[in-house]
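Trainee:
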Amino acid sequence: MDASEENNVKAVRRSKEEKKLLRKQIKASHTLLKHEGIRTDPQPTRSLVVANGGLGNSVSREELSAVLKEMGHVESLVMPPHKPYAFVTYRCEESALKAYMHLNGQKLQCGESSVTLYLAYVRSVTHEEETSIPLPEGLVLVEDFVSPEEEAVLLAAVDWSSTNDVTAQKALKHRRVKHYGFEFRYDNNNVDKDKPLPAGIPAACLPILERCLRKGHINIMPDQLTVNQYESGQGIPPHVDTHSAFEDTILSLSLGAKTVMEFRHPDGRVVPVVLPGRSLLVMKGESRFLWTHGITPRKFDMVPACELQSPAHTAPELSTHSNLTLSKRGTRTSFTFRKIRLEPCHCAFPSSCDSQGASSTPSTSTPAPPSPPALPCCHADAARLEEEYVHRVYDTIASHFSSTRHSPWPSVCHFLSSLPPGSMLADVGCGNGKYLGVNPEMIAVGCDRSSALVQICAERGFHAFVSDALNVPLRTASCDACISIAVIHHFSTEERRLAAVRELVRLLKPGGRALIYVWAFEQEYNKQRSKYLKDHNKEHREKENLTKNTSGNRQEPRGISTIQTSGHLEGSYEPVDKKQDLGKVTDCKLSVHTNRTAFSTQDLLVPWHLKEGKKQGDEESGDGGKKNRRKENSKKISTNQTRFDSNLQPSPGFDVSMSPESSHDTSDATHSPNSKPSPSSGTAQTSSSALKSESNCQMPVFHRYYHVFQQGELEKLCSQVDGVRVQSSYHDQGNWCVILEKD
Numbered sequence: 006m007d008a009s010e011e012n013n014v015k016a017v018r019r020s021k022e023e024k025k026l027l028r029k030q031i032k033a034s035h036t037l038l039k040h041e042g043i044r045t046d047p048q049p050t051r052s053l054v055v056a057n058g059g060l061g062n063s064v065s066r067e068e069l070s071a072v073l074k075e076m077g078h079v080e081s082l083v084m085p086p087h088k089p090y091a092f093v094t095y096r097c098e099e100s101a102l103k104a105y106m107h108l109n110g111q112k113l114q115c116g117e118s119s120v121t122l123y124l125a126y127v128r129s130v131t132h133e134e135e136t137s138i139p140l141p142e143g144l145v146l147v148e149d150f151v152s153p154e155e156e157a158v159l160l161a162a163v164d165w166s167s168t169n170d171v172t173a174q175k176a177l178k179h180r181r182v183k184h185y186g187f188e189f190r191y192d193n194n195n196v197d198k199d200k201p202l203p204a205g206i207p208a209a210c211l212p213i214l215e216r217c218l219r220k221g222h223i224n225i226m227p228d229q230l231t232v233n234q235y236e237s238g239q240g241i242p243p244h245v246d247t248h249s250a251f252e253d254t255i256l257s258l259s260l261g262a263k264t265v266m267e268f269r270h271p272d273g274r275v276v277p278v279v280l281p282g283r284s285l286l287v288m289k290g291e292s293r294f295l296w297t298h299g300i301t302p303r304k305f306d307m308v309p310a311c312e313l314q315s316p317a318h319t320a321p322e323l324s325t326h327s328n329l330t331l332s333k334r335g336t337r338t339s340f341t342f343r344k345i346r347l348e349p350c351h352c353a354f355p356s357s358c359d360s361q362g363a364s365s366t367p368s369t370s371t372p373a374p375p376s377p378p379a380l381p382c383c384h385a386d387a388a389r390l391e392e393e394y395v396h397r398v399y400d401t402i403a404s405h406f407s408s409t410r411h412s413p414w415p416s417v418c419h420f421l422s423s424l425p426p427g428s429m430l431a432d433v434g435c436g437n438g439k440y441l442g443v444n445p446e447m448i449a450v451g452c453d454r455s456s457a458l459v460q461i462c463a464e465r466g467f468h469a470f471v472s473d474a475l476n477v478p479l480r481t482a483s484c485d486a487c488i489s490i491a492v493i494h495h496f497s498t499e500e501r502r503l504a505a506v507r508e509l510v511r512l513l514k515p516g517g518r519a520l521i522y523v524w525a526f527e528q529e530y531n532k533q534r535s536k537y538l539k540d541h542n543k544e545h546r547e548k549e550n551l552t553k554n555t556s557g558n559r560q561e562p563r564g565i566s567t568i569q570t571s572g573h574l575e576g577s578y579e580p581v582d583k584k585q586d587l588g589k590v591t592d593c594k595l596s597v598h599t600n601r602t603a604f605s606t607q608d609l610l611v612p613w614h615l616k617e618g619k620k621q622g623d624e625e626s627g628d629g630g631k632k633n634r635r636k637e638n639s640k641k642i643s644t645n646q647t648r649f650d651s652n653l654q655p656s657p658g659f660d661v662s663m664s665p666e667s668s669h670d671t672s673d674a675t676h677s678p679n680s681k682p683s684p685s686s687g688t689a690q691t692s693s694s695a696l697k698s699e700s701n702c703q704m705p706v707f708h709r710y711y712h713v714f715q716q717g718e719l720e721k722l723c724s725q726v727d728g729v730r731v732q733s734s735y736h737d738q739g740n741w742c743v744i745l746e747k748d
C-alpha cells in the first residue's frame, strides 16, 4: 500500500471515529435535556457536560478532577448523585475548548475498569440542591473518639481463632462475628440472659467505656459486646435491636474503613450517615427504638469529598450535589456495646416493641417468628405494610431476585420496540433494569424504590435512580412512554394504586402511551392455565421423585414459613366468588399464598425462598431444554443495553443458565414479571414480619404483599384518571395488562 492510499484509509478511519463521537454527543445531549432540562450548545462556552464521567458510572471526583485540571483552571465540578454525567466549569473559555478537543472520546481509567468520556458545551449549570435531612432524634456521631493507637489495641483484643458462637456461625455467612458477655442468638432474635459467656467484655474496651460514662453518652456500663467484621461489599440488613433484649442506649464504635449507615423511619424517611474510622455512634430514644439502621452491601459509597468539621452536618451533606465523591470500602470492624435488659421494655414506641406486643425486630439478620398483618385501613397503615412486606424484602433479596429476572417478556418488548427512535421512556419500578436495554434507539431511564436494585442497574450501565412511584422526580409531560411492569399490585389500597396510575399519566406527553402489568387473580383464562400454575405440576413431580429416591422418610420443604399459611387462616375469608368484592376485606389477617396454586383471595402474602449459598444464576427453575435458549436470549439483550459506555459489564446474574433443582425455592420467581418492588414510601433490607427464622439450617423465607387484580379491575382503575383513555387491554400469562394513551 503506497503513502497516498494509506492516507486515504486513515482519513476514512478518522471519519468513522468522528461520526461515532458525534452520535455519542447527540445521545448525551438528549439524555441531559430529558434529565436536567439543559440543552447543549454548539458554540464554545466555559461549561461542559461530561457524559460517562458521573458517580453513577463509578467515577470518583478525584479521578475526574485530575484529568480535567490538566486542561486548565477548574472553577467548579458538579457531580449529581447516581447520574452518569458531571458538569465542569473552567475559568476561561480557552481551557474548556482544550478539554473539548483533547478529552472527547478519551478513556478514563477508574480502578480496574475504564470509561470513555464524551463532552459537550452547555450555557450554564444550575443544579438544584436537595433539602438537608436532620439526623434521627437521639442519634449522635462523635468523630475521632479513639486514637489510632487505641484502635490498634482494640482490634488486637479480638481473637477470631476461638469462637464458640455456634448460632452466629450458622446464621451469618457473609461477615465475621464474635460475642462477649452474652451471645446474641440469631435463631430467636434474643439473648439467653441466664447463660453468660465465659469471656466478658475485653479489658481493652474498659477505658473507652469509662470515657463514654464521663462524657455522658451512657449512664451505666454495658455488659454485652458484639464485634462484626465487614469486608468490602458486605453489609448488614436494616434492623432495630430487639427491645426486650437490650436497654435504651446502644454504642457502635467503627474501626478501620469508613462506611455509610442508612437510618430508615417507618414513614419512609431515609437518612444516610457517614461513619468514619475511629468514630462513635450513640443511639438513644427514637433512633434506637423506632428507626432501623443497616449497611447496604456494596463496594463504593457516595460521601462528601471533604471531611466536615461538624458531625451534625454529616447526613445533610450526603444529599448535596456539588461535593460528592466515591469512597471505596475496605475492612471495617464494629464494636457494638449494649446493656442486657432484665425487665420488659416500656418505651414510647409500642409499634416496634416486642415487649408491648409488636413482632420482635431482627437484631442483625434473622428475626423472630412474626404473625400475619392485617389489611390497612388508612394511608399510614398502608405505608407501613408496604415498607415491611415490600421494600425491606426486595432490598434483602435484590441479588437473588435479579438472578431470576433476565428475560424480557415478548409483549413488553413489542411495546418498547414500537416506540419511534429518540423516544424518552420512563420505567417506573424498573427492578434490575431488564427492560431498559430492549430498544437501543430510545432514551430509557428507570427508577425503583429499592436502592439495591438500582445499584444493579448502575452496574449494568443503565440510567436509573431511587424514587417513589407515587412521586417520580421527572418533569410533567417529559416522557413519550412509560412502563409499570409488576409494580402497582404491591400498593395495598385502591387510593394508592390509583395515585400510581395518575403519576404515570402525569409523566406522559400528550399522545404518549403507558403500559401497565399487574398480577391477575385469574391464573386460568380462556381455558388456558398460566405458566405460573403449570409449573406446580413439575414441582410436584420433582418432589415425588425426590421422596421415592430416599429411604422413605417424609421430605420436608427447605423453608417452612413461620407465618401461618392460608390453610390455617381459612376462616378469615369467604369462599371465592367472583361476584364478591374481595378487595374490601379490612378486618382480617392476610393469608399466605401457596406458591404455584390458584389464588383464594385478592390481598395476600407471597413467599420468596432466599438462596444464599449459591452463585447468582443458580436460582431459577427451568428444564435442560430451556437453558441454551435463555442464554441466547440473555446475550441478545445484553448487547442492546442503553448506556453511554460499552465498557461497563452487566451483573453476573444477567446472562446465565438456570438450575432445575432450585425450583422449590424460588417459588413464583420464574415465568412471571409480577415480583418487582413497589417504589413507594420506604426501603430497607430485612423485616421481622417479612422473614422466617431459620430452623435446621433452612434458608430464610420472605413474604411480599400483593393485591392480585380481578378481570376488569385494572381498566376500571385507569378510567378514574382524567385525560387518558384505555387504548387496549389483554391477559398475558397470568397478568392483566393495559395500554393507556394520554389525550
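So the sequence shown is residues 6 to 748, counted in this note's numbering.
Where is the CB? At the ideal position from N, CA and C, for every residue including glycine.
#1: Rounding to the nearest angstrom, what Cα-Cα distance links LEU538 and PHE496 in this structure?
#2: At the level of alpha carbons, what is the spacing between GLY186 and LEU230?
#3: Put LYS21 into one of helix, strand or coil per three-state DSSP.
#4: By the three-class DSSP mapping on this structure, what secondary structure does ILE225 have?
#5: Rounded to whole angstroms, what's the CA-CA distance from ASP473 to ARG454? Just pull it up for me.
#6: Using a Cβ-Cβ cut-off of 7 angstroms (strictly less than) and excluding sequence neighbours within five positions of TYR530, which residues of its own chain qualify?
#7: Please return the same chain residues whose Cβ sits closer than 7 angstroms to the Cβ of ALA363, not counting the five positions on each side in sequence.
#8: Under a three-way DSSP split, which group does ARG269 fall into?
#9: On the premise that SER734 lies in contact with VAL726, defined as a C-beta separation below 8 angstroms, what is that separation, rounded to the nearest angstrom?
#10: Taking only the alpha-carbon atoms, compute the straight-line gap between SER284 and PRO89 and give it to the nearest angstrom.
#11: Cα separation between HIS87 and GLN111?
#12: How would you label ALA91, buried or exposed, when you count the other beta carbons within 10 angstroms and need 16 or more for buried?
#13: The beta strand (DSSP E) that contains LYS514, what's its start and end?
#14: Can you tell me where the alpha helix (DSSP H) holding ALA387 begins and where it ends?
#15: If you draw a straight line from the alpha carbon of PRO316 to that of ALA56, how long is it in whole angstroms?
#16: Would you say the beta carbon of GLY58 is closer than 8 angstroms to some non-hydrogen atom of the ligand NAP?
#17: If we ignore side chains and look at the alpha-carbon of each, how far apart do LEU82 and THR94 end up?
#18: Do PHE406 and LEU258 have their CB atoms nearer than 9 angstroms?
#19: Beta-carbon separation of GLN460 and ALA525 under 9 angstroms?
#20: Ignore the nearest five residues each way along the sequence and tell me which others in THR330's own chain have a CB closer than 8 angstroms to its CB.
#21: Tell me whether ALA157 is buried or exposed, calling it buried when 16 or more other Cβ atoms sit within 10 Å of its Cβ.
#22: Considering only the beta carbon of each residue, do GLY261 and LEU146 sit closer than 9 angstroms?
#23: Taking the C-alpha atoms as reference points, what is the distance between GLU99 and THR481?
#24: Which residues share a DSSP beta bridge with MET307?
#25: Determine the closest residue to GLY299 out of GLU446, HIS244, LYS25 and LYS74, with distance taken between C-alpha atoms.
#26: Any contact of the region 385–396 with the region 437–450, i.e. 3+ C-beta pairs under 8 angstroms?
#27: Shortest alpha-carbon distance to GLY143 belongs to which of ARG190, LYS21 and GLU291?
#28: Going by the DSSP bridge assignment, what does ILE241 pair with across the sheet?
#29: Whole angstroms is fine: what's the gap from GLU252's alpha carbon to HIS222's?
#30: Out of ILE241, ARG219 and GLY739, which has the shortest C-alpha to C-alpha gap to TYR522?
#31: Alpha carbon to alpha carbon, what distance is there between LEU27 and VAL17?
#32: If the criterion is Cβ atoms closer than 9 angstroms, does the pair ARG334 and SER237 meet it?
#33: Please identify the residue among LEU520, LYS536, PHE340 and GLU155 whose C-alpha is closest to the C-alpha of LEU421.
#34: If you draw a straight line from the C-alpha of ARG303 to the C-alpha of ASN233, how long is it?
#35: Rounded to whole angstroms, how far is the Cβ of GLN712 from the Cβ of HIS494, which I believe are closer than 8 angstroms?
#36: Go to LYS532, then tell me how far its beta strand (DSSP E) extends in each direction, as first and last residue.
Mentor: This is what the structure gives:
#1: If you number the sequence shown from 1, residue 538 lands on position 533. If you number the sequence shown from 1, residue 496 lands on position 491. Cα atoms of LEU538 and PHE496: separation of roughly 24 angstroms, rounded to the nearest angstrom.
#2: Reading the sequence shown from its first residue, position 181 is the one you call residue 186. Reading the sequence shown from its first residue, position 225 is the one you call residue 230. Going by the C-alpha atoms only, they are around 7 angstroms apart.
#3: Residue mapping note: residue 21 aligns to position 16 of the sequence shown, counting from 1. Here LYS21 sits in helix by DSSP.
#4: Here residue 225 refers to the residue found at position 220 of the sequence shown. Look at ILE225 here: in three-state DSSP terms it is coil, with no helix or strand label.
#5: Position 468 of the sequence shown holds residue 473. Position 449 of the sequence shown holds residue 454. Straight through space, the alpha carbons of ARG454 and ASP473 are spaced by roughly 6 angstroms.
#6: For this step, residue 530 is matched to residue 525 along the sequence shown. The residues are HIS736.
#7: Working through the sequence shown from its first residue, we reach residue 363 at position 358. For ALA363, where only same-chain residues beyond five positions count, the Cβ hits under 7 angstroms are PRO355, SER356 and SER357.
#8: Along the sequence shown, read from residue 1 onward, the residue named residue 269 stands at position 264. Reduced to three states, the DSSP call for ARG269 is strand.
#9: On the sequence shown, position 721 is the one that residue 726 refers to. On the sequence shown, position 729 is the one that residue 734 refers to. Contact flag wrong, Cβ pair sits at about 14 angstroms.
#10: To locate residue 284, count along the sequence shown from 1; it is residue 279. To locate residue 89, count along the sequence shown from 1; it is residue 84. Between SER284 and PRO89, the C-alpha separation is close to 32 angstroms.
#11: Against the sequence shown, residue 87 aligns to sequence position 82. Against the sequence shown, residue 111 aligns to sequence position 106. The alpha-carbon atoms of HIS87 and GLN111 are separated by roughly 22 angstroms.
#12: On the sequence shown, residue 91 is found 86 positions in, with the first residue counted as 1. ALA91 should be labelled buried.
#13: Reading the sequence shown from its first residue, position 509 is the one you call residue 514. Element bounds for LYS514: 513–524.
#14: Within the sequence shown, the letter at position 382 stands for residue 387. Note, ALA387: alpha helix (DSSP H), 384–391.
#15: Counting from 1 along the sequence shown, the entry for residue 316 is found at position 311. Counting from 1 along the sequence shown, the entry for residue 56 is found at position 51. Because the pLDDT at PRO316 is just 39, under 50, the model does not fix this residue reliably, and the value given afterwards should be weighed accordingly. Spanning the two alpha carbons is a distance of roughly 33 angstroms.
#16: For the structure depicted, the ligand NAP is absent and the ligand set is empty, with no information on it obtainable.
#17: For this step, residue 82 is matched to residue 77 along the sequence shown. For this step, residue 94 is matched to residue 89 along the sequence shown. Taking the straight line from one Cα to the other gives about 7 angstroms.
#18: For the purposes of this step, residue 406 is identified with residue 401 of the sequence shown, where counting begins at 1. For the purposes of this step, residue 258 is identified with residue 253 of the sequence shown, where counting begins at 1. No, these two residues do not count as a Cβ contact at 9 angstroms.
#19: Sequence index remark: in the sequence shown, residue 460 carries index 455 (1-based). Sequence index remark: in the sequence shown, residue 525 carries index 520 (1-based). Not in contact: GLN460 and ALA525 (Cβ atoms no closer than 9 angstroms).
#20: What you label residue 330 is simply residue 325 of the sequence shown in a count that begins at 1. LEU60, SER65, ARG66, GLU67, MET84, MET307, VAL308, PRO309 and ALA310.
#21: Translated into the one-based positions of the sequence shown, residue 157 becomes position 152. Exposed, since its Cβ has fewer than 16 Cβ neighbours within 10 Å.
#22: The count along the sequence shown starts at 1 and reaches residue 261 at position 256. The count along the sequence shown starts at 1 and reaches residue 146 at position 141. No, the pair does not count as a contact, with Cβ atoms beyond the cut-off.
#23: By one-based count along the sequence shown, residue 99 stands at place 94. By one-based count along the sequence shown, residue 481 stands at place 476. Approximately 37 angstroms, taken between the alpha carbons.
#24: Within the sequence shown, residue 307 is the residue found at index 302, counting from 1. For MET307, which the question treats as bridged, DSSP gives the partners LEU331.
#25: Mapped onto the sequence shown, residue 299 falls at position 294. It is HIS244 whose Cα lies nearest to the Cα of GLY299.
#26: At 8 angstroms Cβ cutoff, the stretches do not touch.
#27: Residue numbering aside, residue 143 sits at position 138 when the sequence shown is read from its first letter. GLY143 has its Cα closest to that of GLU291, out of ARG190, LYS21 and GLU291.
#28: Position 236 of the sequence shown, counted from the start, is the residue given in the question as residue 241. BP columns for ILE241 point to ILE300.
#29: Numbered from its first residue, the sequence shown carries residue 252 at position 247. Numbered from its first residue, the sequence shown carries residue 222 at position 217. Near 14 angstroms, if we compare the C-alpha coordinates of HIS222 and GLU252.
#30: As a working mapping, residue 522 is identified with position 517 in the sequence shown. With distances taken between Cα atoms, TYR522 lies closest to GLY739.
#31: Stepping through the sequence shown from its first residue, residue 17 is reached at position 12. Stepping through the sequence shown from its first residue, residue 27 is reached at position 22. In this predicted model, VAL17 has a pLDDT of only 47, less than 50, meaning its place in the structure is not dependable enough to derive any value.
#32: Here residue 334 corresponds to residue number 329 of the sequence shown, with the count starting at 1. Here residue 237 corresponds to residue number 232 of the sequence shown, with the count starting at 1. Yes, these two residues count as a Cβ contact at 9 angstroms.
#33: Within the sequence shown, the letter at position 416 stands for residue 421. Of the listed residues, the one whose Cα sits closest to LEU421 is LEU520.
#34: Residue mapping note: residue 303 aligns to position 298 of the sequence shown, counting from 1. Residue mapping note: residue 233 aligns to position 228 of the sequence shown, counting from 1. Approximately 16 angstroms, taken between the alpha carbons.
#35: By one-based count along the sequence shown, residue 712 stands at place 707. By one-based count along the sequence shown, residue 494 stands at place 489. Here residue 712 is His; the residue named in the question, Gln, does not match the sequence. 5 angstroms between Cβ atoms; contact.
#36: As a first step, residue 532 must be located in the sequence shown, where it is residue number 527. LYS532 -> no beta strand (DSSP E), and no H or E assigned at all.
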